[in-house]
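Participant: When we follow my numbering, the leftmost residue of the sequence shown carries the number 1, and every step to the right adds one.
Glycine included, C-beta positions come from ideal geometry on N, C-alpha and C.
First, the structure itself, so that you have it in front of you.
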Amino acid sequence: MRSIVYVISDLHLGGAAAGSNRPDFQMCSLHTQALLGQFIEQLPGRTGNADSQLIIAGDIVDFLAEEPFEAFTSDPASAERKLNTILERTSPIWDALQEYVNKRHGALTLLLGNHDVELAMPTVRQVLLNRLGEGRVHLIYDNEAFTLGPLLIEHGNRYDEWNAVPHDALRRVRSQLSRRQPINPPFPAMPGSRMVEELVNPLKQQYAFVDLLKPEDAALLPVLIALGAGGIKEAWTFFRNFVKTRAVDYDENREPVVPGFIAAQTVSDESMFLLAQSIASDGAPGQISAGAPKLFDREARRAALYKCFRAQSDLHRKAFNMHTEKEIYLMPAHAAASAGFQVVVYGHTHHVKKVALGDSPNGLPVYLNTGTWADLICVPTAVWAVEENIARDALQAFIDDLEGNHLTSWRRSLPTYAKIEIDGELVISADVYFADDHAQVTADALAHRLAGEHVYVSA
Numbered sequence: 001m002r003s004i005v006y007v008i009s010d011l012h013l014g015g016a017a018a019g020s021n022r023p024d025f026q027m028c029s030l031h032t033q034a035l036l037g038q039f040i041e042q043l044p045g046r047t048g049n050a051d052s053q054l055i056i057a058g059d060i061v062d063f064l065a066e067e068p069f070e071a072f073t074s075d076p077a078s079a080e081r082k083l084n085t086i087l088e089r090t091s092p093i094w095d096a097l098q099e100y101v102n103k104r105h106g107a108l109t110l111l112l113g114n115h116d117v118e119l120a121m122p123t124v125r126q127v128l129l130n131r132l133g134e135g136r137v138h139l140i141y142d143n144e145a146f147t148l149g150p151l152l153i154e155h156g157n158r159y160d161e162w163n164a165v166p167h168d169a170l171r172r173v174r175s176q177l178s179r180r181q182p183i184n185p186p187f188p189a190m191p192g193s194r195m196v197e198e199l200v201n202p203l204k205q206q207y208a209f210v211d212l213l214k215p216e217d218a219a220l221l222p223v224l225i226a227l228g229a230g231g232i233k234e235a236w237t238f239f240r241n242f243v244k245t246r247a248v249d250y251d252e253n254r255e256p257v258v259p260g261f262i263a264a265q266t267v268s269d270e271s272m273f274l275l276a277q278s279i280a281s282d283g284a285p286g287q288i289s290a291g292a293p294k295l296f297d298r299e300a301r302r303a304a305l306y307k308c309f310r311a312q313s314d315l316h317r318k319a320f321n322m323h324t325e326k327e328i329y330l331m332p333a334h335a336a337a338s339a340g341f342q343v344v345v346y347g348h349t350h351h352v353k354k355v356a357l358g359d360s361p362n363g364l365p366v367y368l369n370t371g372t373w374a375d376l377i378c379v380p381t382a383v384w385a386v387e388e389n390i391a392r393d394a395l396q397a398f399i400d401d402l403e404g405n406h407l408t409s410w411r412r413s414l415p416t417y418a419k420i421e422i423d424g425e426l427v428i429s430a431d432v433y434f435a436d437d438h439a440q441v442t443a444d445a446l447a448h449r450l451a452g453e454h455v456y457v458s459a
């Protein structure tokens with residue numbers, strides 16, 4: 001039977017809306033939530049000629065955005081409360097999913113990411129499954145990928161040393177909780193999650209945009225220190241110790257040599273920490289831990305941000321180029337293609353991608369990234385200009401808005417999805433699309449939307 005597979009990821013449902021003395025913790029805006037519900041409602045159901053499948057490839061809900069903020073919510077009752085809060089706040093989305101599997105007989109597969117690890121807990125998992133009701137619902141929570149003939153789908157954090165889940169430890173947690181035993185030893189939360197809890201969330205009161213900055217790895221350290229965060233040295237030390245005690249190196253295909261799923265830190269990681277250290281202390285070692293008090297001065301902070309953004313210009317451009325991807329993701333994608341998969345789909349990075357994995361005229365094998373339904377902060381392109389005076393003027397306008405939490409000009413909602421049509425082992429089509437008008441994602445269309453030149457279809 002022919003199968004039409006829709007893939008979305010990184011919904012990041014969760015977090016409270018802004019209050020009188022509280023910043024907005026909803027990475028997926030109310031408008032985008034409405035669009036998501038509409039998208040699911042419009043999915044075709046199963047017919048006699050074709051099956052319909054929806055894969056939500058991780059970071060479905062966001063436990064890191066729910067109070068009390070914890071890198072990992074180890075208490076099952078607390079995790080259940082957080083999940084129930086999310087389900088209540090976003091109930092139209094879950095109603096739409098329930099109708100998709102119950103009435104239209106679509107198949108729904110849910111994968112773990114790195115912001116929703118708690119869904120692996122037995123009682124928490126059951127809360128989610130109960131909400132979805134009867135139907136073809138499958139939750140993959142043990143590091144397996146979803147495969148269907150020539151198609152492979154996973155979240156992608158397995159190849160990111162800051163955010164890869166130590167599944168051996170998570171398996172032990174599930175085993176203990178299933179027997180109502182305490183979690184011992186504690187689950188080792190990932191460095192990226194620790195960064196969100198200890199560095200990102202405390203900055204949100206002053207900088208509401210900070211949780212929209214991606215990725216949660218070493219590249220974020222210089223930005224956080226430029227905004228006045230303390231504890232960067234401690235975060236770096238924790239990351240390096242985590243790598244030593246929990247992880248192993250990857251082989252030439254970015255596959256773990258032994259189960260552990262996290263690589264040693266890269267040269268890029270080290271360079272980003274050194275940049276953070278330089279921004280914090282102007283090259284004077286030992287000052288970074290204090291959070292660089294001089295950066296609380298407005299002009300000094302702006303100079304630090306300018307230095308940071310200019311140093312990361314290549315990283316930023318490549319991140320928003322839909323036809324390039326980091327080698328840490330392309331290497332395992334190529335390995336999957338060598339194993340016979342024709343379409344390899346990841347999420348995690350929040351950047352929609354389509355990259356050929358070969359030179360065949362039919363475009364296969366191909367790597368797709370589904371992007372995100374969370375909002376993005378788009379740094380104005382003029383910040384990367386060769387002329388420093390133009391770049392500084394652009395950055396000043398950008399920072400003026402960010403400091404005042406005037407984010408409308410720079411906050412972008414770019415929900416995208418992958419659609420793959422297969423018949424047995426034959427790939428009929430595989431591409432990425434914008435969710436609001438179902439137009440194919442192209443480099444030009446993406447650039448227009450990032451520049452704010454697109455009128456969004458109302459949900």
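For the pair the region 319 to 327 and the region 435 to 447, tell me if three or more CB-CB distances fall below 8 angstroms.
Facilitator: Contact between the region 319 to 327 and the region 435 to 447 is present, because at least three Cβ pairs lie under 8 angstroms.
Participant: Where does Glu80 fall in DSSP's three states?
Facilitator: Glu80 falls in the helix class under three-state DSSP.
Participant: Could you pull out every unbroken beta strand (DSSP E) segment of at least 3 residues lying fully inside the region 74 to 133, listed in chain order?
Facilitator: You should have 107 to 111.
Participant: Compare the beta carbon distance of Cys378 and Leu330 with 8 angstroms and say whether it is the shorter of the two.
Facilitator: For Cys378 and Leu330, no; Cβs fall outside 8 angstroms.
Participant: Going by beta-carbon coordinates alone, are Ala120 and Tyr100 separated by less than 8 angstroms?
Facilitator: Not a contact, by the Cβ cut-off of 8 angstroms.
Participant: At 4 residues or longer, and completely inside the region 122 to 186: list those alpha helix (DSSP H) runs for me, N to C.
Facilitator: Listed in chain order, they are 122 to 132, 167 to 178.
Participant: Going by other Cβ atoms of all chains shown within 10 Å of its Cβ, with 16 needed for buried, is Gln126 buried or exposed?
Facilitator: Exposed.
Participant: Count the other C-beta atoms from every protein chain shown that fall within 10 angstroms of the C-beta of Asp249, then say buried if there are 16 or more, exposed otherwise.
Facilitator: Here Asp249 scores only 46 on pLDDT, less than 50, and its place in the model is too uncertain to base an answer on.
Participant: Measure the alpha-carbon distance for Leu224 versus Ser52 and round it to whole angstroms.
Facilitator: Answer to the nearest angstrom: the Cα atoms are 43 angstroms apart.
Participant: Does DSSP classify Ala34 as helix, strand or coil?
Facilitator: Here Ala34 sits in helix by DSSP.
Participant: Count the other CB atoms, across all protein chains shown, that sit within 10 Å of the CB of Arg179; report buried if there are 16 or more and exposed otherwise.
Facilitator: It is exposed - the Cβ of Arg179 has fewer than 16 other Cβ atoms within 10 Å.
Participant: Helix, strand or coil for Gln53 per DSSP?
Facilitator: It is a strand residue.
Participant: For the structure I just gave you, are there three or more beta carbon pairs, one from the region 26 to 45 and one from the region 71 to 85, closer than 8 angstroms?
Facilitator: No, because fewer than three Cβ pairs between the region 26 to 45 and the region 71 to 85 fall closer than 8 angstroms, the two stretches do not touch.
Participant: Under the three-state reduction of DSSP, which class applies to Ala292: helix, strand or coil?
Facilitator: Caution applies to Ala292, whose pLDDT of 42 falls short of 50 and renders its modelled position unreliable; the value that the coordinates give is listed next. Three-state DSSP puts Ala292 in coil, outside helix and strand.
Participant: Under DSSP, the beta strand (DSSP E) around Asp431 begins and ends at which residues?
Facilitator: Segment 426 to 434, the beta strand (DSSP E) holding Asp431.
Participant: Taking contact to mean 3 or more Cβ pairs, one atom from each stretch, closer than 8 angstroms, check whether the region 402 to 409 and the region 335 to 348 are in contact.
Facilitator: They do not touch, by the three-pair rule.
Participant: Using C-beta distances below 7 angstroms, list every residue in its chain close to His115, excluding the 5 sequence neighbours before and after it, in chain order.
Facilitator: Closer than 7 angstroms at Cβ, skipping near neighbours: His12, Asp59, Asp62, Phe63, Leu64.
Participant: Report all residues from its chain with a CB closer than 6 angstroms to the CB of Pro285; omit the five preceding and five following residues, and keep chain order.
Facilitator: Low local confidence applies: a pLDDT of 38 at Pro285 is under 50, so the model's placement there is unreliable, with the coordinate-based value given in what follows. Once the five neighbours on either side are set aside, Pro285 has no close Cβ partner at all.
Participant: Is Asn369 helix, strand or coil by DSSP?
Facilitator: Reduced to three states, the DSSP call for Asn369 is strand.
Participant: What does DSSP give as the partner residue(s) for Tyr6 in the beta ladder?
Facilitator: Note: Tyr6 sits in a beta bridge opposite Leu54, Lys419.
Participant: Would you report the Cα separation of Glu134 and Thr370, rounded to the nearest angstrom?
Facilitator: Cα to Cα, Glu134 sits roughly 27 angstroms from Thr370.
Participant: Taking the alpha-carbon of Thr442 as reference, which of Ala418, Leu170, Glu67, Ile422 has the nearest alpha-carbon?
Facilitator: Nearest option by C-alpha distance: Ala418.
Participant: If we count Cβ pairs, one from each stretch, closer than 8 angstroms, do we get three or more for the region 148 to 165 versus the region 344 to 359?
Facilitator: Flag = yes, the region 148 to 165 and the region 344 to 359 touch.
Participant: Quick one: what does DSSP say Ile40 is sitting in, helix, strand or coil?
Facilitator: Ile40: helix per DSSP, three-state reduction.
Participant: Could you check how far apart the C-beta atoms of Leu148 and Ser278 are, in whole angstroms? I think they sit under 8 angstroms.
Facilitator: The pair is not a contact, with the Cβ atoms about 48 angstroms apart (cut-off 8 angstroms).
Participant: Shortest alpha-carbon distance to Lys307 belongs to which of Glu388, Ile328, Arg317, Leu87?
Facilitator: Checked all of Glu388, Ile328, Arg317, Leu87; the closest Cα to Lys307 is Glu388.
Participant: Just to confirm, are Trp410 and Asp10 a CB contact at a threshold of 8 angstroms?
Facilitator: Not closer than 8 angstroms, so no.
Participant: Give the DSSP-derived three-state secondary structure of Pro259 in the structure shown.
Facilitator: Model confidence at Pro259 stands at a pLDDT of 43, short of 50, so the residue's coordinates are unreliable and nothing is read from them.
Participant: Taking one C-beta from the region 390 to 402 and one from the region 418 to 436 each time, how about it: are there three or more such pairs within less than 8 angstroms?
Facilitator: Judged by Cβ distances under 8 angstroms, the region 390 to 402 makes no contact with the region 418 to 436, as fewer than three pairs qualify.
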